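Engineer:
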Amino acid sequence: MTLFDNKICHLTFSHTDCSDVWKLYFPQMRTFFSVGMDHFIAVDQAHMELPKSVTPLIYEEGQPYPQRLLTCLEALEGREFVFFDHEDMFLYDEPDYQKLAKYYDLMSSGHFDHIRLIKGGDCQYEPVPACPTLYSLSLKSKWIFSIQPSFWRRSILMDVLKANLKANVWELEVNSQKVVKKMGLNAAFSYRSGKRRGLHHFDNDVYPYVATAIGKGKWNLGEYGLELEPLLEQYQINPTRRGWF
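If you're matching positions, the sequence shown starts at 101 in our numbering and goes up one per residue.
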């Protein structure tokens with residue numbers, strides 16, 4: 101299935117410490133997200149567990165998260181857009197491919213610079229008339245920027261990162277709220293139906309994924325046990341090695 105052109109690629113951020121999660125992430129995404137995008141992974145070193153279909157982009161271990169990600173985005177020169185995720189944010193069911201293609205069309209035509217695939221955070225928004233399931237985020241929102249599966253205009257994401265190069269991933273999310281408001285980020289989020297999951301976000305059947313499978317190094321069975329337990333068994337991953345919460 102080919103839904104996208106060659107102006108966009110898929111970039112997954114990871115680390116070899118999470119190579120056990122790859123055993124789940126890659127087959128799940130191969131099953132539900134084989135949509136014709138070139139797939140790159142931002143990682144600290146090449147690893148035998150990486151599929152041959154995925155191209156590693158190597159960052160320096162000693163760099164903070166924003167610098168690591170920026171280094172890999174810079175290596176994608178020639179790509180105008182990226183679909184960005186982490187290795188513990190994998191699909192557990194089939195997404196709405198036509199909606200995803202429509203989102204990308206809106207990005208390509210200049211309507212948005214960023215579309216995240218989750219509803220969450222303290223935000224103000226309005227429906228996008230041209231695309232039911234899509235909501236335009238007001239710059240008056242308290243929470244706009246999130247590290248979640250998203251479509252990004254590559255240059256814009258790079259600008260956000262450059263404003264907080266020394267932050268860790270949690271500081272990056274907090275500090276970037278002011279950054280994206282100052283730059284006037286034209287952003288939206290996707291939501292059609294789905295229950296509240298935890299305190300801060302909702303499931304989204306347009307892109308049904310785990311957000312997120314790992315927290316502080318442990319499996320998130322408290323929020324996603326129903327989805328994770330059969331997958332851990334299917335891929336023969338022993339959760340006791342990491343532990344869970």
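In this text, a Cβ means the ideal position worked out from N, Cα and C, and glycines have one as well.
Note that the structure is predicted; figures quoted are calculated from it, not measured.
#1: Kindly provide the ranges of any alpha helix (DSSP H) runs that are 4 or more residues long and lie completely inside the region 103-148, ordered along the chain.
#2: Can you name the start and end residues of the beta strand (DSSP E) that V182 belongs to?
#3: Could you give the DSSP three-state label for P227: helix, strand or coil?
#4: Within 10 angstroms of its Cβ, does F126 collect 16 or more other Cβ (buried), or is it exposed?
#5: For the 8 angstroms Cβ check, are there 3 or more pairs between the region 226-233 and the region 307-322?
#6: List the endpoints of the continuous alpha helix (DSSP H) containing W270.
#7: Among the candidates R168, P164, A201, whose CA atom is the shortest distance from the CA of V143?
#8: Mind the definition here: the region 210-221 touches the region 233-248 only if three or more C-beta pairs lie below 8 angstroms; say whether that holds.
#9: In angstroms with no decimal places, state the Cα-to-Cα distance between Q198 and I218.
#10: Please state whether DSSP places G325 in a helix, a strand or coil.
#11: Please state whether the Cβ-Cβ distance between E323 and R297 is less than 9 angstroms.
#12: Mind reading off the beta-carbon distance from S250 to I215? Whole number of angstroms is fine, and I expect it under 8 angstroms.
#13: Kindly list the residues whose CB is nearer than 8 angstroms to the CB of S134, restricted to its own chain and excluding five residues on each side of it in sequence; keep chain order.
#14: Going by beta carbon distance, what residues of the same chain come within less than 8 angstroms of V182, once the five residues before and after it are set aside?
#15: When the Cα atoms are used, what is the spatial distance from E333 to V279?
#16: Which stretch, first to last residue, makes up the beta strand (DSSP E) that contains A287?
#17: Since S255 is in the alpha helix (DSSP H), which residue starts that stretch and which ends it?
#18: With P156 as the anchor, note down where its beta strand (DSSP E) starts and where it stops.
#19: Just to check my reading of the structure: L124 and L331 have Cβ atoms closer than 8 angstroms, yes? What is that Cβ distance to the nearest angstrom?
#20: In this structure, how does DSSP classify S250 when only helix, strand and coil are distinguished?
#21: Ends of the beta strand (DSSP E) at R168?
#22: Please look up how many angstroms separate the CB atoms of Y309 and S290, rounded, as I've assumed it's under 8 angstroms.
#23: Report yes if the CB atom of A288 is closer than 9 angstroms to the CB atom of L206, and no otherwise.
#24: When we look at the beta-carbon of Q145 and count the other beta-carbons within 10 Å, is it buried (16 or more) or exposed?
#25: So, with DSSP's three-state summary, where would you put R342?
Structural biologist: For this structure:
#1: 119-132
#2: Stepping through the sequence shown from its first residue, residue 182 is reached at position 82. Per DSSP, V182 belongs to the beta strand (DSSP E) from 181-186.
#3: Along the sequence shown, one-based indexing puts residue 227 at 127. Looking at P227 - three-state DSSP - the assignment turns out to be strand.
#4: Sequence index remark: in the sequence shown, residue 126 carries index 26 (1-based). Flag for F126 reads buried.
#5: In short, these stretches do not touch, since the Cβ pair count stays below three.
#6: As a first step, residue 270 must be located in the sequence shown, where it is residue number 170. Note, W270: alpha helix (DSSP H), 269-283.
#7: Within the sequence shown, numbered from 1, the residue matching residue 143 stands at position 43. Taking only the C-alpha atoms, the option nearest V143 is R168.
#8: yes
#9: Mapped onto the sequence shown, residue 198 falls at position 98. Mapped onto the sequence shown, residue 218 falls at position 118. Between Q198 and I218, the C-alpha separation is close to 17 angstroms.
#10: For the purposes of this step, residue 325 is identified with residue 225 of the sequence shown, where counting begins at 1. Of the three classes helix, strand and coil, the one that applies to G325 here is helix, per DSSP.
#11: Taking the sequence shown and counting its residues from 1, one reaches residue 323 at position 223. Taking the sequence shown and counting its residues from 1, one reaches residue 297 at position 197. Annotated as proximal: E323 and R297, with beta-carbon spacing under 9 angstroms.
#12: Residue numbering aside, residue 250 sits at position 150 when the sequence shown is read from its first letter. Residue numbering aside, residue 215 sits at position 115 when the sequence shown is read from its first letter. The Cβ separation is near 6 angstroms, so the contact holds.
#13: Counting from one through the sequence shown, the residue named residue 134 turns up at place 34. Closer than 8 angstroms at the Cβ level, and outside the excluded window around S134, lie M101.
#14: Here the question's residue 182 lines up with position 82 in the sequence shown. Cβ neighbours of V182 beyond the five flanking positions: I108, C109, H110, L111, L173, L176, F251, W252, R254, L257.
#15: Within the sequence shown, numbered from 1, the residue matching residue 333 stands at position 233. Within the sequence shown, numbered from 1, the residue matching residue 279 stands at position 179. Distance between the alpha carbons of E333 and V279: 42 angstroms.
#16: On the sequence shown, residue 287 is found 187 positions in, with the first residue counted as 1. Element bounds for A287: 287-290.
#17: As a working note, residue 255 is residue 155 in the sequence shown. Where S255 is concerned, the enclosing alpha helix (DSSP H) stretches over 254-262.
#18: As a first step, residue 156 is located in the sequence shown; it is residue number 56 there, counting from the start. Residues 154-158.
#19: Looking up residue 124 in the sequence shown gives position 24. Looking up residue 331 in the sequence shown gives position 231. 6 angstroms between Cβ atoms; contact.
#20: The residue given as residue 250 occupies position 150 in the sequence shown. If DSSP states are grouped into helix, strand and coil, S250 belongs with the strands.
#21: Against the sequence shown, residue 168 aligns to sequence position 68. Where R168 is concerned, there is no enclosing beta strand (DSSP E), although the alpha helix (DSSP H) it sits in stretches over 165-174.
#22: Along the sequence shown, one-based indexing puts residue 309 at 209. Along the sequence shown, one-based indexing puts residue 290 at 190. About 11 angstroms; that fails the 8 angstroms criterion.
#23: The residue you call residue 288 lines up with position 188 of the sequence shown. The residue you call residue 206 lines up with position 106 of the sequence shown. The answer is yes: Cβ separation under 9 angstroms.
#24: Counting from one through the sequence shown, the residue named residue 145 turns up at place 45. It counts as exposed.
#25: For the purposes of this step, residue 342 is taken as residue 242 along the sequence shown, with counting starting at 1. It is coil, neither helix nor strand.
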